[in-house]
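With the first letter of the sequence shown counted as 1, position 240 gets the number 556 in this note's numbering; the numbers rise by one all the way through. Idealized CB from N, CA, C, for every residue including glycine. Notes to accompany the following structure.
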Amino acid sequence: MSRFISRVAFTNVCRASLPQLARRAIPMATRSFSSAIVRGQNSTSQLAQIVKSEYKVAVVVDNELTPEHEQYLAESGFEISESKFDSNVELRKTLPSGEEVRVFFDIDEVSDIELSASEFGAEEGVEEKEQFDEELDQYESTFANVKVFVSKPESNDGLFFNLMLQNSEEELFVDYFNYKPDAAKFLAQIKDQGTFLASTEYQGPQFSNLDESLQLAMENYLEEKGINEQLADFIFAYSEVKEEASYRDLLANVSKFLGN
Numbered sequence: 317m318s319r320f321i322s323r324v325a326f327t328n329v330c331r332a333s334l335p336q337l338a339r340r341a342i343p344m345a346t347r348s349f350s351s352a353i354v355r356g357q358n359s360t361s362q363l364a365q366i367v368k369s370e371y372k373v374a375v376v377v378d379n380e381l382t383p384e385h386e387q388y389l390a391e392s393g394f395e396i397s398e399s400k401f402d403s404n405v406e407l408r409k410t411l412p413s414g415e416e417v418r419v420f421f422d423i424d425e426v427s428d429i430e431l432s433a434s435e436f437g438a439e440e441g442v443e444e445k446e447q448f449d450e451e452l453d454q455y456e457s458t459f460a461n462v463k464v465f466v467s468k469p470e471s472n473d474g475l476f477f478n479l480m481l482q483n484s485e486e487e488l489f490v491d492y493f494n495y496k497p498d499a500a501k502f503l504a505q506i507k508d509q510g511t512f513l514a515s516t517e518y519q520g521p522q523f524s525n526l527d528e529s530l531q532l533a534m535e536n537y538l539e540e541k542g543i544n545e546q547l548a549d550f551i552f553a554y555s556e557v558k559e560e561a562s563y564r565d566l567l568a569n570v571s572k573f574l575g576n
């Protein structure tokens with residue numbers, strides 16, 4: 317059965333309200349500035365000590381993909397392309413047909429939607445949690461963009477899909493799709509400009525407005541290319557690991573800077 321869902325419920329009202337909902341879902345009490353002054357210790361040395369201590373705490377916890385996710389990566393055929401200090405990630409594989417499949421996502425965007433009831437501590441209060449749950453049910457969840465490009469090297473063209481990743485069910489659904497007549501040019505645009513659509517480019521039809529038979533056929537096409545719920549789950553898992561690794565690198569670099 318298809319693991320894609322329709323875009324019908326994703327209305328303009330939902331678009332306007334989700335950012336506020338997401339902000340409310342993030343506990344803000346865990347990190348805050350303090351106005352207290354530590355006597356006999358300058359601010360630089362104080363900060364250096366705190367950062368060093370935070371780094372020691374962070375590195376104690378394991379930060380690796382689970383064996384299940386490692387197995388998925390090996391069996392799926394995807395290879396990871398990334399840079400250490402870049403939040404953008406690309407998954408790439410070549411199918412037996414010779415077609416190339418590329419998946420693009422931003423770990424910061426994915427991490428921002430990983431909201432769950434467990435993030436609410438007891439201090440948040442039962443009433444506030446219940447209100448959040450009601451709002452979350454109303455709008456279903458927040459979403460992150462996942463870009464997919466299926467190309468044919470011999471003809472240098474391809475199909476581009478903008479997908480939305482849903483956090484509550486770890487599902488993907490199609491937002492829109494279009495045809496790219498020059499795959500090499502499109503990939504160069506992504507690399508050089510970080511954009512997937514030119515300012516005046518037609519993005520493609522709203523997927524939910526299409527005939528149901530066309531929607532189903534397109535969803536089956538994507539699943540055949542490996543765009544499925546297992547991929548969605550891997551994107552969440554990998555984003556969490558990379559985000560934590562990036563945070564540790566940040567702490568290490570700040571500590572080094574303050575120590576000089």
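- Message: Assuming V417 is part of the alpha helix (DSSP H), what are its boundary residues?
- Response: Looking up residue 417 in the sequence shown gives position 101. It is not in any alpha helix (DSSP H) - V417 instead sits in the beta strand (DSSP E) that spans E416 to D422.
- Query: Can you name, in chain order, every residue of its own chain whose Cβ lies under 7 Å from the Cβ of T360, other than the five neighbours on each side?
  - Reply: Counting from one through the sequence shown, the residue named residue 360 turns up at place 44. Cβ neighbours of T360 beyond the five flanking positions: L574.
- Task: Could you tell me whether the segment 507-523 touches the segment 540-551, using the rule of 3 or more Cβ pairs below 8 Å?
- Result: Not touching, per the Cβ criterion.
- Query: Secondary structure at E486, three-state DSSP: helix, strand or coil?
  - Reply: Numbered from 1 along the sequence shown, position 170 holds the residue referred to as residue 486. Coil at E486, not helix or strand.
- Item | Where G520 falls: helix, strand or coil (DSSP) | Residue 520 sits at position 204 when you count from the first residue of the sequence shown. Coil.
- Taking the CB atoms as reference points, tell me whether F550 and S392 lie closer together than 9 Å. For the purposes of this step, residue 550 is identified with residue 234 of the sequence shown, where counting begins at 1. For the purposes of this step, residue 392 is identified with residue 76 of the sequence shown, where counting begins at 1. Less than 9 Å divides the Cβ of F550 from the Cβ of S392.
- Task: Answer with yes or no whether the minimum CB distance from Y495 to chain C is below 9 Å.
- Result: Looking for chain C here will not work: only one protein chain is present.
- Task: If I'm right that F459 touches I429 with Cβ under 8 Å, what's the distance once you round it to whole angstroms?
- Result: Locating residue 459 in the sequence shown gives position 143, counting from the first residue. Locating residue 429 in the sequence shown gives position 113, counting from the first residue. With 8 Å as the limit, F459 and I429 qualify as a contact, their Cβ atoms being about 7 Å apart.
- Message: Can you tell me where the alpha helix (DSSP H) holding N536 begins and where it ends?
- Response: Start at 1 with the first residue of the sequence shown, and residue 536 comes out as number 220. E528 to E540 is the span of the alpha helix (DSSP H), which, as asked, contains N536.
- Item | Between the CA atoms of F489 and V376 - distance to the nearest angstrom | Position 60 of the sequence shown holds residue 376. Position 173 of the sequence shown holds residue 489. CA-CA distance, V376 to F489, rounds to 37 Å.
- Message: If you reduce the DSSP assignment to three classes, tell me which class N525 lands in.
- Response: Counting from one through the sequence shown, the residue named residue 525 turns up at place 209. Judged by DSSP in its simplified three-state form, N525 adopts helix.
- Query: Just how far apart, CA to CA, sit E487 and Q362?
  - Reply: Indexing the sequence shown from 1 puts residue 487 at position 171. Indexing the sequence shown from 1 puts residue 362 at position 46. Approximately 45 Å between the Cα atoms of the pair.
- Item | Inter-residue spacing [alpha-carbon to alpha-carbon] between E380 and V557 | On the sequence shown, position 64 is the one that residue 380 refers to. On the sequence shown, position 241 is the one that residue 557 refers to. The C-alpha of E380 lies about 6 Å from the C-alpha of V557.
- Item | Close beta carbons around F394, own chain, < 6 Å, minus the five adjacent residues each side | Here residue 394 corresponds to residue number 78 of the sequence shown, with the count starting at 1. Taken in chain order, the residues that qualify are L407 and K409.
- What residue does the alpha helix (DSSP H) around I396 start on, and which one ends it? Along the sequence shown, one-based indexing puts residue 396 at 80. No alpha helix (DSSP H) holds I396; the beta strand (DSSP E) holding it covers E395 to E398.
- Message: Contact defined as beta carbons within less than 8 Å: I believe G414 pairs with E470. What is the distance between those atoms, to the nearest angstrom?
- Response: The residue given as residue 414 occupies position 98 in the sequence shown. The residue given as residue 470 occupies position 154 in the sequence shown. Right, the Cβ-Cβ distance comes to about 7 Å (below 8 Å), so this counts as a contact.
- Task: Compute the Euclidean distance between the alpha carbons of V419 and A514, then round it to the nearest angstrom.
- Result: As a position in the sequence shown, residue 419 is number 103, starting the count at 1. As a position in the sequence shown, residue 514 is number 198, starting the count at 1. In this structure, the alpha-carbon of V419 lies about 19 Å from that of A514.
- Message: Going by DSSP in three states, L547 sits in which element: helix, strand or coil?
- Response: The residue you call residue 547 lines up with position 231 of the sequence shown. Reduced to three states, the DSSP call for L547 is helix.
- Task: Please say whether S555 and V405 have beta carbons closer to each other than 9 Å?
- Result: As a working mapping, residue 405 is identified with position 89 in the sequence shown. As a working mapping, residue 555 is identified with position 239 in the sequence shown. Cβ distance < 9 Å, so V405 and S555 count as in contact.
- Could you tell me which residues DSSP pairs with D473 in its beta bridges? Taking the first residue of the sequence shown as 1, we reach residue 473 at position 157. Answer is K468.
- Item | Inter-residue Cα distance where the pair is L481 and A568 | As a position in the sequence shown, residue 481 is number 165, starting the count at 1. As a position in the sequence shown, residue 568 is number 252, starting the count at 1. Pairing L481 with A568, the inter-Cα distance amounts to about 32 Å.
- Proximity below 9 Å, CB of N494 to CB of L479: In the sequence shown, the residue the question calls residue 494 occupies position 178. In the sequence shown, the residue the question calls residue 479 occupies position 163. Cβ atoms of N494 and L479: not closer than 9 Å.
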